[in-house]
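Chains as they are written, first to last, in full-length UniProt numbering: chain C, 1 to 340; chain L, 1 to 340.
Cβ atoms here follow ideal geometry from the backbone N, Cα and C, with glycine treated the same way.
Please read these numbers as outputs of a predicted model, since none were measured by experiment.
The block underneath contains the structure these notes are about, expressed in structure tokens.
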DNA sequence: ATAAAAAATGTTATCGATAACATCAAATTA
DNA sequence: TAATTTGATGTTATCGATAACATTTTTTAT
């Protein structure tokens with residue numbers, strides 16, 4: 001590979017002069033600047049970012065860790081983060097943890113050893129605490145997205161999840177439903193806990209009592225094995241007339257399972273969920289959901305992150321917490337109960 | 001940040017000894033190995049990948065460039081690439097070019113200056129040629145995915161696109177359709193060209209004549225402005241009874257536009273497309289498509305890439321070309337014509 | 001014209017790690 | 001036991017770039 005020394009030799013100057021031309025620092029005569037530029041072109045010079053970062057002690061490289069690259073919520077979020085990063089002159093790379101704290105840890109190691117300037121993390125769950133402590137210990141700024149991790153203070157962008165859960169339940173009760181089930185993410189994820197809370201509060205406000213049998217806690221990620229959903233559906237007695245799903249993946253799994261049993265949605269059973277199904281849901285606007293501003297999660301989170309990075313030397317600001325609203329989008333997957 | 005020198009000092013050995021412990025090279029007594037390990041733990045040592053890559057001249061870092069991170073075809077592909085990379089001990093980072101050759105160029109610059117060991121590229125189009133030449137010139141191995149670029153020989157993983165287009169047209173004709181339109185990607189993308197070819201061949205084989213007015217070439221990416229689709233729909237006379245869409249995004253756009261006009265799919269007009277709509281399409285299996293093995297694109301491409309990287313010193317092998325089959329999945333978006 | 005200031009360029013050390021070679025002590029062999 | 005091998009560790013140079021300081025050249029001021 002061509003280095004600044006090759007250029008320096010070819011142009012008859014010192015490496016430092018080449019470095020100055022590249023970075024537009026110091027004083028350089030127009031003549032040598034032109035000559036150096038020309039040689040750089042001729043030799044197809046590409047700067048070595050690693051060597052550069054090694055001495056500068058900063059990489060202008062940021063990372064975004066998401067938990068499911070096939071989930072439109074996260075990919076939309078990624079677009080927002082990307083746009084904000086580009087605007088500020090940072091490069092952004094993505095990592096996909098697959099809802100798996102182990103994989104996430106590997107990415108954190110990569111991030112630490114790549115000496116990234118900062119990270120945007122949608123943590124896999126409470127078990128992420130140890131990696132986040134690792135980032136903190138090594139002084140790598142990070143902003144949490146969508147989920148909090150108990151025991152770790154930081155900047156964070158959240159959705160108004162509890163309120164979202166309430167709205168969904170309210171919507172269902174307004175349609176006459178009284179036996180409303182919840183299929184939720186694992187309790188090791190903060191957003192799942194809030195959804196359960198919101199669900200319970202809304203039940204109470206609607207004078208419905210909370211019944212444990214109507215709640216299933218399942219992993220957020222798509223799996224081939226739907227047997228726990230199957231047995232849960234069998235177990236509820238009397239069966240619910242509506243189901244709230246804790247995220248888009250679970251909504252899909254539930255509906256698939258129901259279809260497999262010949263149960264029609266919403267005719268036989270209503271289903272509502274969290275997060276849109278991506279642009280493709282527009283083909284046939286079906287699922288009634290709480291829509292979160294996915295793009296904003298990424299955009300605002302990235303802005304906060306970069307502010308943290310650049311204010312590093314000044315005295316530390318208090319942690320910031322952005323809560324984005326949750327909007328109910330009524331479509332067709334929840335129906336009025338006939339006899340209510 | 002803690003370096004091997006800090007560890008060396010603390011453990012009372014030389015930096016080289018620490019390096020040996022880290023890499024398990026050379027001979028080290030159990031006693032010092034244990035001591036060094038202990039100090040590394042205590043100080044939370046994390047190796048600096050940049051310094052390491054600088055001397056080793058390899059980074060064990062690979063990149064995947066895709067053109068649309070919100071498209072399930074590419075995210076599924078990404079999962080495959082990720083799995084294959086991990087299996088071989090490489091780290092994988094993602095970049096999103098947004099179907100934009102300029103953004104793609106920025107990523108290529110990043111890749112070059114990061115001294116990545118190789119790249120998997122789904123090129124934005126024929127205009128990608130110059131960046132690919134840049135990669136080639138700098139001796140960075142790459143494998144193309146899904147699209148070829150004229151003028152650039154390389155390893156490549158393709159779908160059997162032309163055959164796919166034929167199957168779609170055959171399916172429609174078997175349902176009685178004779179006026180079949182095509183909304184396709186821009187001709188600057190190789191896969192779009194093949195789809196057009198396949199479409200024309202299939203028409204001929206079915207004794208239908210090719211009529212230019214039934215073909216629209218549009219950008220693959222999602223846009224807010226649907227006016228060209230609108231005017232195209234208006235212009236066709238007599239209107240088609242079926243539309244083939246060149247990819248999933250276009251299929252969605254067309255169906256949205258049709259819905260906006262009160263035209264029902266498939267009752268009033270049939271629509272078929274390329275590529276699945278992700279896991280979410282399973283809620284309501286609607287769109288009849290040619291399904292490509294997205295995961296395999298990524299997995300096999302990554303395997304080829306790594307083989308290239310690791311065989312680098314031995315004599316060069318001829319370029320390889322993998323063509324993955326295209327499977328027709330009949331769902332509900334194309335209907336039998338009543339009067340045929 | 002000459003000192004002083006400013007501009008242009010060069011030298012050396014450094015970032016954190018590893019390769020290649022050097023050294024020293026312990027173990028083995030003759 | 002002296003000679004030799006082997007094991008364990010240390011030293012130095014290097015990867016490609018930049019900061020800090022040093023030097024040379026040019027310009028400006030007196």
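Identify, in the order they occur along the chain, each residue of the same chain with its Cβ nearer than 7 Å to the Cβ of residue 141 of chain C, setting aside the five sequence neighbours on each side.
The residue given as residue 141 of chain C occupies position 141 in the first chain. Contacts found: 118, 305, 308 and 309.
Does the Cβ-Cβ distance between residue 344 of chain C and residue 68 of chain C come in under 8 Å?
An answer regarding residue 344 of chain C cannot be provided, because it is not within the stretch 1 to 340 covered by chain C.
Just how far apart, CA to CA, sit residue 19 of chain L and residue 257 of chain C?
Here residue 19 of chain L refers to the residue found at position 19 when the second chain is read from its first residue. Here residue 257 of chain C refers to the residue found at position 257 when the first chain is read from its first residue. Pairing residue 19 of chain L with residue 257 of chain C, the inter-Cα distance amounts to about 54 Å.
When L:252, L:299 and L:7 are compared against residue 281 of chain C, the one with the closest alpha-carbon
Here residue 281 of chain C is taken as the residue at index 281 of the first chain, counted from 1. Restricting attention to L:252, L:299 and L:7, the CA atom closest to the CA of residue 281 of chain C is found in L:252.
How many angstroms separate the CA atom of residue 153 of chain L from the CA atom of residue 192 of chain L?
Here residue 153 of chain L is taken as the residue at index 153 of the second chain, counted from 1. Here residue 192 of chain L is taken as the residue at index 192 of the second chain, counted from 1. So the alpha carbons of these two residues sit roughly 19 Å apart.
Measuring only the C-alpha atoms, how far is residue 80 of chain L from residue 121 of chain L?
Along the second chain, read from residue 1 onward, the residue named residue 80 of chain L stands at position 80. Along the second chain, read from residue 1 onward, the residue named residue 121 of chain L stands at position 121. For residue 80 of chain L and residue 121 of chain L, the distance between alpha carbons rounds to 14 Å.
Residues near residue 162 of chain L by beta carbon distance below 8 Å, same chain, minus five either side
One-based indexing of the second chain puts residue 162 of chain L at position 162. Non-local C-beta neighbours of residue 162 of chain L in its own chain, meaning closer than 8 Å and more than five positions away in sequence, comprise 194, 195, 197, 198 and 201, ordered along the chain.
Beta-carbon neighbours of residue 72 of chain C, restricted to chain L and to distances below 7 Å:
Translated into positions along the first chain, residue 72 of chain C becomes position 72. In chain order: 70.
Going by DSSP in three states, residue 321 of chain L sits in which element: helix, strand or coil?
Here residue 321 of chain L corresponds to residue number 321 of the second chain, with the count starting at 1. Here residue 321 of chain L sits in strand by DSSP.
Inspect the beta-carbon positions of residue 276 of chain C and residue 72 of chain C and report whether they are closer than 8 Å.
One-based indexing of the first chain puts residue 276 of chain C at position 276. One-based indexing of the first chain puts residue 72 of chain C at position 72. The answer is yes: Cβ separation under 8 Å.
With burial defined as no fewer than 16 other Cβ atoms inside 10 Å of the residue's Cβ, what is the status of residue 318 of chain C: buried or exposed?
The residue you call residue 318 of chain C lines up with position 318 of the first chain. Residue 318 of chain C should be labelled exposed.
Beta-carbon gap between residue 158 of chain L and residue 323 of chain L smaller than 8 Å:
If you number the second chain from 1, residue 158 of chain L lands on position 158. If you number the second chain from 1, residue 323 of chain L lands on position 323. Yes, the Cβ-Cβ distance between residue 158 of chain L and residue 323 of chain L is below 8 Å.
In the structure shown, what three-state DSSP assignment does residue 10 of chain L receive?
The count along the second chain starts at 1 and reaches residue 10 of chain L at position 10. Three-state result, residue 10 of chain L: helix.
Using the rule of at least 16 other Cβ atoms within 10 Å of the residue's Cβ for burial, across every protein chain shown, is residue 212 of chain C buried or exposed?
Numbered from its first residue, the first chain carries residue 212 of chain C at position 212. Answer is exposed; the Cβ neighbour count stays below 16.
Buried or exposed: residue 25 of chain C, going by 16 or more other Cβ atoms within 10 Å of its Cβ?
Looking up residue 25 of chain C in the first chain gives position 25. Answer is exposed; the Cβ neighbour count stays below 16.
Please decide whether residue 278 of chain L counts as near chain C, where near means a Cβ-Cβ distance under 8 Å.
In the second chain, residue 278 of chain L corresponds to position 278, counting from 1. With a threshold of 8 Å between beta carbons, residue 278 of chain L makes contact with chain C.
Strictly below 8 Å CB to CB, what residues from chain C border residue 47 of chain L?
Counted from its first residue, the second chain places residue 47 of chain L at position 47. Ordered by position in chain C, the residues that pass the 8 Å Cβ test against residue 47 of chain L are 113.
Nearest to residue 232 of chain L (by Cα), restricted to the options L:214, L:242 and L:248:
Taking the second chain and counting its residues from 1, one reaches residue 232 of chain L at position 232. Out of L:214, L:242 and L:248, the CA that lies nearest to the CA of residue 232 of chain L is found in L:214.
Can you list, in chain order, the stretches of the beta strand (DSSP E) that have 3 or more residues and sit fully within the stretch 201-251 of chain C?
215-217 and 242-245, all fully within the stretch 201-251 of chain C.
Hey, residue 172 of chain C and residue 330 of chain C: beta-carbon distance below 8 Å or not?
Working through the first chain from its first residue, we reach residue 172 of chain C at position 172. Working through the first chain from its first residue, we reach residue 330 of chain C at position 330. Against a cut-off of 8 Å, the Cβ pair of residue 330 of chain C and residue 172 of chain C comes out as no contact.
Can you list, in chain order, the residues of the UniProt domain "HTH lacI-type" (2-56) of chain C whose Cβ is nearer than 9 Å to any Cβ on chain L?
Going along the UniProt domain "HTH lacI-type" (2-56) of chain C in chain order, one finds 2, 44, 46, 47, 48, 49, 50, 51, 52, 53 and 54 with a Cβ nearer than 9 Å to chain L.
Proximity below 8 Å, CB of residue 134 of chain C to CB of residue 112 of chain C
In the first chain, the residue the question calls residue 134 of chain C occupies position 134. In the first chain, the residue the question calls residue 112 of chain C occupies position 112. By the CB criterion at 8 Å, residue 134 of chain C and residue 112 of chain C fall inside the cutoff.
Kindly list the residues whose CB is nearer than 7 Å to the CB of residue 337 of chain L, restricted to its own chain and excluding five residues on each side of it in sequence; keep chain order.
The residue labelled residue 337 of chain L in the question sits at position 337 within the second chain. So the qualifying residues of the chain are 175, 176, 177 and 241.
With a threshold of 16 other CB atoms inside 10 Å of the CB of residue 287 of chain L, please say whether the residue is buried or exposed.
Position 287 of the second chain, counted from the start, is the residue given in the question as residue 287 of chain L. Buried, because 16 or more other Cβ atoms sit within 10 Å of the Cβ of residue 287 of chain L.
Is residue 233 of chain L close to chain C, meaning its C-beta is less than 8 Å from at least one C-beta of that chain?
Counted from its first residue, the second chain places residue 233 of chain L at position 233. No - not a single Cβ of chain C is within 8 Å of the one on residue 233 of chain L.
Who are the neighbours of residue 138 of chain C on chain L, taking C-beta pairs under 9 Å?
Taking the first residue of the first chain as position 1, residue 138 of chain C is located at position 138. Those within 9 Å of residue 138 of chain C in chain L are 1, 2, 44 and 46.
Residue 110 of chain L vs residue 52 of chain C beta-carbon contact at 8 Å
Reading the second chain from its first residue, position 110 is the one you call residue 110 of chain L. Reading the first chain from its first residue, position 52 is the one you call residue 52 of chain C. Residue 52 of chain C sits away from residue 110 of chain L, with the two beta carbons spaced by 8 Å or more.
Beta-carbon neighbours of residue 256 of chain L, restricted to chain C and to distances below 8 Å:
Here the question's residue 256 of chain L lines up with position 256 in the second chain. By Cβ distance, chain C contributes 282 and 283.
For residue 96 of chain L, which three-state DSSP category applies?
Here residue 96 of chain L is taken as the residue at index 96 of the second chain, counted from 1. In this structure, residue 96 of chain L counts as strand in the three-state DSSP scheme.
Since residue 157 of chain C sits in a beta bridge, which residues does DSSP pair it with?
Taking the first chain and counting its residues from 1, one reaches residue 157 of chain C at position 157. For residue 157 of chain C, which the question treats as bridged, DSSP gives the partners C:145 and C:322.
Under 8 Å by beta carbon: chain L residues contacting residue 181 of chain C
Translated into positions along the first chain, residue 181 of chain C becomes position 181. Close to residue 181 of chain C, with beta-carbon spacing below 8 Å, lies no residue of chain L; the smallest spacing is near 18 Å.
Opening and closing residue of the beta strand (DSSP E) in which residue 184 of chain L lies:
Here residue 184 of chain L corresponds to residue number 184 of the second chain, with the count starting at 1. Per DSSP, the unbroken beta strand (DSSP E) holding residue 184 of chain L starts and ends at 180-184.
Quick one: which residues of the stretch 95-123 of chain L get their C-beta closer than 9 Å to a C-beta of chain C? List them in chain order.
Correct list: 95, 96, 98, 103, 106, 107, 109, 110, 112, 113, 114 and 115.
Step through the CB atoms of chain C and report whether any lies within less than 8 Å of the CB of residue 79 of chain L.
Looking up residue 79 of chain L in the second chain gives position 79. Contact with chain C is found for residue 79 of chain L, since one of that chain's Cβ atoms lies less than 8 Å from the residue's Cβ.
Enclosing alpha helix (DSSP H) for residue 288 of chain C [first to last residue]
Position 288 of the first chain, counting from 1, holds the residue named residue 288 of chain C. Premise fails: residue 288 of chain C lies in the beta strand (DSSP E), 288-292, not in any alpha helix (DSSP H).
DSSP state of residue 18 of chain C, grouped into three classes?
Here residue 18 of chain C is taken as the residue at index 18 of the first chain, counted from 1. If DSSP states are grouped into helix, strand and coil, residue 18 of chain C belongs with the helices.
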